[in-house]
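Chains A and B are the protein sequences, given in the same order. If you read the first sequence in my numbering, its first letter stands for residue 1, the second for the next number, and so on. If you read the second sequence in my numbering, its first letter stands for residue 1001, the second for the next number, and so on. Have a look at the structure below, then the notes.
Protein chains: 2
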Amino acid sequence: MTVPRRTKAPSQADVARLAGVSQSAVSRVISGDAATARIPEETRRRVFEAVRELGYVANPAARAMRKQRNNLVGVHTFERVFPHAREDFYFEFLLGIEERAEEIGFDLVLFTSTGAGGDGERKIYRNGTNRLNLADGSILLGVSTDRGELARLWYEGYPFVHIGRREVPGAEIPQIIPDYRAASGQIVERLAELGHRRLGYVREGIEMEPYDDRRTGYAEAVERLGLTDTSPGFRGTPNLDPKWLDEVARGGVTAVVVESVRLAQELRAGLAARDRKVPEDVSVAVLEGAPADLDGQWDSLVIPRIEIGRTAVDWLHAMLDDPKKRTESLLVPCPLIRGTTITALR
Amino acid sequence: MTVPRRTKAPSQADVARLAGVSQSAVSRVISGDAATARIPEETRRRVFEAVRELGYVANPAARAMRKQRNNLVGVHTFERVFPHAREDFYFEFLLGIEERAEEIGFDLVLFTSTGAGGDGERKIYRNGTNRLNLADGSILLGVSTDRGELARLWYEGYPFVHIGRREVPGAEIPQIIPDYRAASGQIVERLAELGHRRLGYVREGIEMEPYDDRRTGYAEAVERLGLTDTSPGFRGTPNLDPKWLDEVARGGVTAVVVESVRLAQELRAGLAARDRKVPEDVSVAVLEGAPADLDGQWDSLVIPRIEIGRTAVDWLHAMLDDPKKRTESLLVPCPLIRGTTITALR
DNA sequence: CTCCTTTGCTCATACGTATGAGCAACTCAG
DNA sequence: CTGAGTTGCTCATACGTATGAGCAAAGGAG
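Here it is in structure tokens:
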């Protein structure tokens, strides 16, 4: 009871044969060019009939070769996707990418190409070939992005966007970036509205591009609003300086902006040791996504990962039609979360 | 400081021109066919020189077209992947699929095709066309698999495997299935080794293919080892029958095999109400993945999801080269977990 | 100086799709 | 009943790569 089964995917030529027309007619019908090509309803029907019967679907390789469109969005991560999906890093980006791709009728290619070593680190270029070319354009993401490869990719003119900030000298990489600068500014504005005049800033020890944005946004807002920044940590030593904490406890600073939850917790502990409470004595805001904990919700910002994923798809989509866009980056607003760690100045 | 960017990637023809040879010579040098093709070292050097100078990379679309292979594995889920990835259903399968695909140099296409309704339910065939054809072959998974679509896909000869059991009349769907039958048999064997002679089986109310395998495995082993099955639930009423529980409590049954954790918990409660303890008075084994809880670890089996994902890729890979394999299914062994709910008969 | 073998390539073609150019048949105005 | 315009297609070709077939030149045997 084995049914005869085909062994090779049908081509337009097969469809054409069945429908009794030429291959080019089939192409025109399928690609919707029928109007310009003056194909009457009846012929179209026959062609679609044959398509259905044979289960024809366009060969992406051939289409990519001839056209410059596959309706495929590539996703390249510089590490494996799924082991990390659990942690929130890739997961929500992919969620947004999948959602939006589905909406605009694109499928997703997950590039899994590895480098030579089995260390899980991935490369775009493997023995000289760039597999991304199969997709119309790609979304790249990852913490360990290889800048050399990015530069080469950009130079070759391949359409792609990078999720997250990544500066590469000599190339203008299109990036989708959370607008930390604006968000930081807004937090300062809110503090100013609540009467705070003397602020502090606590920064992380490591240097990464996204922190620059936060610092710039903070500094600009402080300047613009005529406030005073009194933190040695801002331009000097990174972490929490005991002497400065003493000053905060004395009331020399009424609101502190910190770069991470970890630092915020340290700050709270340091103040508690000096008999000061958050937010009664000092308001605190956090410049990253800060989940609620036992002590309540930090006033903080949200990294809109899903939205970023969706935006990346749209941005890439726009780039495909307009090569001029291939050097433009995009900022995605970061919503603020109202928490319980900021109050009005007494 | 904008660098001049190429619009078009260089082809083998460009390389050939620069190296002063023909396109086919370039192809042979690059594809390593040079030995057979008798190209001397000097010419090869010139070609590679030109390749370097132009930054040539092979066009994967063209290569795929010529080779009739895209090196793409499709993944189609009948529901959205990512929202579900969190829950363990898809997640570990995908993990295995990605791992293995990476190892054998295949990329993944995630099909995002939706059906008509925006209800998140997905279809393979959209307005009559089969989008899967884009990939060389596909792995299908999902709880709400549409049997009609499976049958059609199979009939069309498209290479695919289904993860999990799914019987479709008239089609021999290649499936990757956890070997519940063998695992159930092994559990019975273990009980027999520990001295148990009178067993019971508690089954779920719903009927699904995977349960058939468990029941068969149990029944076969009981028969083979000359044991006695005394459960009304096995062929009669599904759940836990109070009268039968009384009999178990009386000692008429010393070991019980149940289909789910939920039933195992009910069983334990029912026995506790009759002053009997697990495993002191009655041994209990569970025929599904049963995480450890406060009361310890169930003797149970593991559904090797990662391994299944990996196997699915390999199986599909083999099918691509050998069409005869397109009707064969594969069993993946289920390891047993030693827990604290089985002991030797006193 | 023949004839044969080996070397070092080139030629031609196929893969499946998209598209500019063009052709035959028909319609309709004059 | 002629000429122009429209309709409904087909023809031919290009895209970039891989590969079987084949050809010219060089080298060697006799």
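Here a beta-carbon is modelled for each residue, glycine too, at the ideal position from N, C-alpha and C. In this text the structure is predicted, and so the values were computed from the model without any measurement.
Cβ pair residue i, residue j closer than 8 Å
i: B/Thr1343; j: B/Pro1279; result: yes
i: B/Ala1009; j: A/Glu149; result: no
i: B/Ala1312; j: B/Ile1097; result: yes
i: A/Asp293; j: A/Thr341; result: no
i: A/Ala151; j: A/Ala171; result: yes
i: A/Leu18; j: A/Ala50; result: yes
i: B/Ser1283; j: B/Leu1191; result: yes
i: A/Val21; j: A/Val47; result: yes
i: A/Ala25; j: A/Ala13; result: no
i: A/Val287; j: A/Gly270; result: Looking at the sequence provided, one finds Leu at residue 287 of chain A rather than Val. Taking 8 Å as the Cβ cut-off, A/Leu287 and A/Gly270 do not qualify as a contacting pair.
i: B/Arg1165; j: B/Glu1204; result: no
i: B/Met1319; j: B/Pro1178; result: no
i: B/Ala1064; j: A/Ala61; result: yes
i: A/Phe37; j: A/Arg28; result: Note that residue 37 of chain A corresponds to Ala in the displayed sequence, not to Phe. Closer than 8 Å, so yes.
i: A/Val257; j: A/Ile173; result: no
i: B/Leu1267; j: B/Val1202; result: yes
Chain B within 8 Å of residue i, Cβ atoms only
i: A/Ala16; result: no
i: A/Ala13; result: no
i: A/Gly167; result: Reading off the sequence shown, one finds Glu at residue 167 of chain A, where the question assumed Gly. It does not; no Cβ of chain B falls within 8 Å.
i: A/Asp107; result: yes
i: A/Arg131; result: yes
i: A/Ala9; result: yes
i: A/Gly32; result: no
i: A/Val47; result: no
i: A/Glu156; result: yes
i: A/Gly289; result: no
i: A/Gly55; result: yes
Min CB distance residue i to chain A below 8 Å
i: B/Val1161; result: no
i: B/Glu1098; result: yes
i: B/Met1065; result: yes
i: B/Leu1110; result: yes
i: B/Glu1149; result: no
i: B/Pro1060; result: yes
i: B/Glu1102; result: yes
i: B/Glu1328; result: no
i: B/Leu1345; result: no
i: B/Leu1331; result: no
i: B/Leu1134; result: yes
Residue i - partner residues in DSSP beta bridges
i: A/Asp107; result: A/Leu72
i: B/Arg1360; result: In the structure displayed, chain B extends from 1001 to 1346; residue 1360 of chain B sits before or after that span and is not available.
Cβ shell of residue i (< 8 Å), same chain only, five flanking positions each side left out
i: A/Ala163; result: Position check: residue 163 of chain A holds Ile in this sequence, whereas Ala was assumed. Counting only Cβ-Cβ distances below 8 Å, and skipping sequence neighbours, we find Phe93, Ile139, Leu140, Leu141, Gln175, Ile176, Ile308, Gly309 and Ala312.
i: A/Gly117; result: Its pLDDT being 43, under 50, A/Gly117 is placed unreliably in this model, and the coordinates cannot settle the point.
i: B/Leu1072; result: Phe1106, Asp1107, Leu1108, Val1109, Leu1134, Ala1135 and Asp1136
i: A/Glu189; result: Ala221 and Leu225
i: B/Ala1182; result: Gly1217, Leu1331, Pro1333 and Cys1334
i: B/Gly1296; result: Gly1339, Thr1340 and Thr1341
Collapsed DSSP secondary structure at residue i in the structure displayed
i: A/Gly96; result: helix
i: A/Ser283; result: strand
i: A/Ser138; result: strand
i: B/Asp1322; result: coil
i: A/Thr341; result: coil
i: B/Tyr1211; result: helix
i: B/Pro962; result: With chain B represented from 1001 up to 1346, any question about residue 962 of chain B goes unanswered, as that position is not in the structure.
i: A/Leu301; result: strand
i: A/Ile206; result: coil
i: B/His1162; result: strand
i: A/Tyr201; result: strand
i: B/Leu1132; result: helix
i: A/Asp146; result: coil
i: A/Thr230; result: coil
i: A/Thr254; result: coil
i: B/Val1051; result: helix
Cβ neighbours of residue i in the same chain (closer than 6 Å, five flanking residues each side left out)
i: B/Arg1274; result: Ala1249
i: B/Val1253; result: Arg1198, Gly1200 and Thr1230
i: A/Thr77; result: Leu141 and Gly142
i: A/Ala364; result: There is simply no residue 364 of chain A to check, as chain A begins at 1 and stops at 346 in what is shown.
i: A/Ala101; result: Val73, Leu108 and Val313
Contact set for residue i: own chain, Cβ-Cβ below 7 Å, skip 5 residues either direction
i: B/Glu1099; result: Arg1310
i: A/Val302; result: Gly289, Cys334, Pro335 and Ile337
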